[in-house]
Amino acid sequence: AQNVTVDEIVTAYQQACQKLNCKQIPKLLKQIQEFENLTVRIDCLDLKGEKLDYRACEALEEVFKRVRFKMVDLEQTNLDEDGAASLFDTIEYYESATHLNISFNRRIGARGWQAAAQMLRKTSCLQYLDARSTPFPDHSVAFMARALRISSSLVVLHLENTNLSGRPLVVLAMALKMNVNLQELYLADNKLNGTQDSAQLGNLLKFNCCLQLLDLRNNHILDSGLAYICEGLKEQQKGLVTLVLWNNQLTHTGMGYLGMTLPLTQSLETLNLGHNPIGNEGVRNLKTGLIGNRSILRLGLASTKLTCEGAVAVAEFVAESPRLLRLDLRENEIKMGGLIALSLALNVNQSLLRLDLDREPKKESVKGFLKTQKTLLAEIQDSCKRNFVLAKEKNEKEQKLQQSASMPEIIVTEPLEEGLAEDGQNGSASSALEEGEEARETLTASENRDAEPAEDDSDSDTDKEADSGLESKGLSELTEHPDSADGATAPQPLPSPEKLRDQPPALHISEELAGTGGSATSPTSAPSQANERRISVSSPGRGHKIFVVTRVESLPERAAGAARKPAEPQSPAPDTSPELLAPRVNGALPKSAASSATALAGPSPGSDPKQGDLRACESAACDTPLPDRLKDFAQALPESSLDRDGKTESCAAEHELSCCKTERELEELLLEASQDAGQEPQ
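Counting in full-length UniProt numbering, the sequence shown runs from 1 upward without gaps.
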């Protein structure tokens, strides 16, 4: 029902009770009054101990049709066949519960179990069924077996004390071989024997690898039955996690079977052998298998008739195990000798978090040993606390590592793409990314060239930094006033090599969209420029190196033509010559690159300063071929002149444009020349 209220539920239930002439249940009315959110499943409907006949069960339908529950507790409600059948049909139709407890109802009968089987088969929400001490009548288990063989949503099934020994267990085990949803099966107190019943359980473990818990406590499995179960355990590659064999008259003979099986099991984590007369010999038979096992986390040996000798065997296993979490040794005659062995084992073991021992020390022949036992018990508890602290710290460390591994190590920002999206004149985003890849390749080559000499000698490293600083200075004189297509930016001179070494290791690359009409920005321009990408790089050599790259394209024609172009505020920044970026051999430049560097550096000492400067400029300009449009521009450049003081100045920094053409015509000529120069290398 939708949009119901508590008052409506109470009124409907009271009217149903009046119509069916049955007593109202005060416990139920009190719980209904406490319901708050009726749109979701209520945690529990507790009817434990209330007597429910057929009419009372029919009246409950008015509640179940309006409210759903997680747990419906019908324990010891004296259900008969008719009442159980009516109640199970209602729960199945309205899907009223995910957990159902019908334990201690001995009068359900065949019709009730048939309705319960239909409920299991048709409902898709029931996950837990507790039927403890609710025996199956003759042939009634076949209904449940048929429901469990067909796809059922049931995950946990309690069938303790339901008289399953014999044919009922055969039918149930055959059905559960095909079940893939059931994970926990409780079969305690069913008087299961060590022959036919244990053989059926062994076959069940061979074929069902989805079952995770099997509780067989308080049965008569015996050593012969444990042999059948061990045969099934050998087939459990990924399946059974918990096996409870509490109080099944197991001896040291059965521990021999189990000791041979444990090294073959890969999923078993909890093994409870408590209240079995295993003895010291049984623990010795079990020790080898426990040491060879790689999955046991919890081991129960309470009340297994152990003495100090058996405790020493257990201590050997504890010292060897890197994963054991809990060990139960209560109700055993472990005295000072066994406690010493366990204490020494815990000094080595770093995984055991809980070791259960009797609180009171055992009686000793020597009175002084009682105090020693108390001291050893305190040391054992302290060791467990230490392991708990270590496990907690390890868990926190692993969580931090997982969090740090999930965090992004590199945060990439793409201001260039954002600028290109805002301004369509800068070209497409794909071309900008391609130029970014070229910039990274040029950066890697330049860094490797300077990092190799750094590994040999620090003095040569410093000298080459100075050489590169001189070359950068010569290039900066040619590119004092770069002009972009969007507008001119204020130029700044490059720092000296000494200042470069003092600056933080940052590399600023200004990407020019050469050949596409893009803008060229200065490497030290304001970071607010949208078409600018800045990359911080630390060189792997000694110290930090600073590389200032103003252009990443290698255009030979423009680099050669730059030798004849004067530094003009409205002229585009020329490219560095690819020969200057060529690899050095023993710190020396190639011959062509050395001649260009000599021409840029100025006249050599001993030569005529006037003629040397002019000849250097003319040789640098005439030896390199120029594109057609750059030739036209070169004819418009004036000849070099000397000042009145007789001092020569660099040809790249002192020439001025005295052509008769207007400034606007020169801009158009420069733009066309740069486009032709950018297209020719392709």
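Glycine residues also receive a C-beta, built at the ideal position from the N, C-alpha and C atoms.
State buried or exposed for Arg294, treating a residue as buried only when at least 16 other CB atoms are found within 10 Å of its CB. exposed
Counting Cβ pairs closer than 8 Å, one from the region 359-369 and one from the region 385-393, do we hit at least three? no
Is it the case that the region 17-31 contacts the region 54-67, given that we only count it when at least three CB pairs across the two stretches are under 8 Å? yes
What residues match up with Asp73 in a beta bridge as DSSP calls it? Asp46, Asn101
Take the Cβ of Ser404 as the centre, count every other Cβ of all protein chains shown within 10 Å, and call the residue buried at 16 or more, exposed below. exposed
Residue from Ser303, Ala173, Ser267 whose Cα sits closest to the Cα of Leu185: Ala173
Would you list the one or two residues that DSSP bridges to Val241? Val241 pairs with nothing; no bridge assigned.
Simplified DSSP assignment, three categories, for His252: helix
Can you tell me whether Glu656 is helix, strand or coil according to DSSP? Confidence is the limiting factor: at Glu656 the pLDDT is only 45, short of 50, which leaves the residue's position unreliable, though a coordinate-based value still follows. Glu656: coil per DSSP, three-state reduction.
Mind checking Met178: buried by the 16 CB within 10 Å criterion, or exposed? exposed
Taking Cβ to Cβ, would you say Tyr13 is nearer than 9 Å to Ala59? yes
DSSP beta-bridge partners for Arg354? Arg326
Which of the three DSSP states is assigned to residue 697 in this structure? As displayed, the chain neither begins before 1 nor continues past 682, which places residue 697 out of reach and without an answer.
Assigned exposure category for Ser124 - 16 Cβ within 10 Å defines buried: exposed
Does the beta-carbon distance from Asn190 to Asn161 come in below 9 Å? yes
Can you give the beta carbon distance from Leu297 to Glu269, rounded, assuming they're within the 8 Å contact cut? 5 Å
Separation of Lys48 from Leu29, as counted between CA atoms: 14 Å
Candidates Arg354, Ala199, Gln399: closest to Leu377 by CA position: Arg354
Would you mind stating whether Ile102 and Glu75 have Cβ atoms separated by less than 9 Å? yes
Inter-residue spacing [alpha-carbon to alpha-carbon] between Gly232 and Thr253: 18 Å
Under the assumption that Lys238 contacts Cys209 (Cβ atoms under 8 Å), give the Cβ distance between them as a whole number of angstroms. 6 Å
Pair within 9 Å by beta-carbon distance, Leu286 and Asp328: no
Per-residue burial, Asn586 [other beta carbons within 10 Å of its own, 16 or more giving buried]: At Asn586, the pLDDT of 40 sits below 50, so the modelled position is not reliable and the matter cannot be decided from this model.
For the candidate residues Gln381, Thr265, Lys374, Ala227, whose alpha-carbon lies nearest to that of Asn248? Ala227
Can you tell me which of Val156, Asp197, Leu148, Ala188 puts its alpha carbon nearest to the alpha carbon of Leu169? Asp197
Run of the beta strand (DSSP E) containing Glu184, from where it starts to where it stops: 184-186
Since Gly310 and Asn280 should fall inside the 8 Å C-beta cutoff, what is the C-beta to C-beta distance between them, to a whole number of angstroms? 4 Å
Taking Asn129 as part of the beta strand (DSSP E), name the residues at either end of that continuous run. Note that residue 129 is Leu in the sequence shown here, rather than Asn. Per DSSP, Leu129 belongs to the beta strand (DSSP E) from 128-130.
Using the rule of at least 16 other Cβ atoms within 10 Å of the residue's Cβ for burial, across every protein chain shown, is Asn37 buried or exposed? exposed
With DSSP run on the structure shown, which of helix, strand or coil describes Ala439? With a pLDDT of 44 at Ala439, under the threshold of 50, the modelled position of this residue cannot be trusted; read the value that follows with caution. The answer is helix: DSSP assigns Ala439 an H, G or I state.
Using DSSP's beta-bridge definition, name the partner residues of Gly300. Asn272, Asp328
Got a sec? Which residues, its chain only, sit under 8 Å from Ala319 by beta carbon, not counting five neighbours each side? Leu344, Ala345, Val348, Asn349
Can you name, in chain order, every residue of its own chain whose Cβ lies under 7 Å from the Cβ of Phe369, other than the five neighbours on each side? Met336
N- and C-terminal bounds of the alpha helix (DSSP H) containing Leu214: Taken as a continuous stretch (DSSP letters only), Leu214 belongs to no alpha helix (DSSP H), being part of the beta strand (DSSP E) at 213-215.
Contact check, residue 692 vs Leu342, beta carbons under 9 Å: Nothing about residue 692 can be read from this structure; the chain reaches only from 1 to 682.
Anticipated Cβ contact below 8 Å, Leu126 with Thr98, distance rounded: 6 Å
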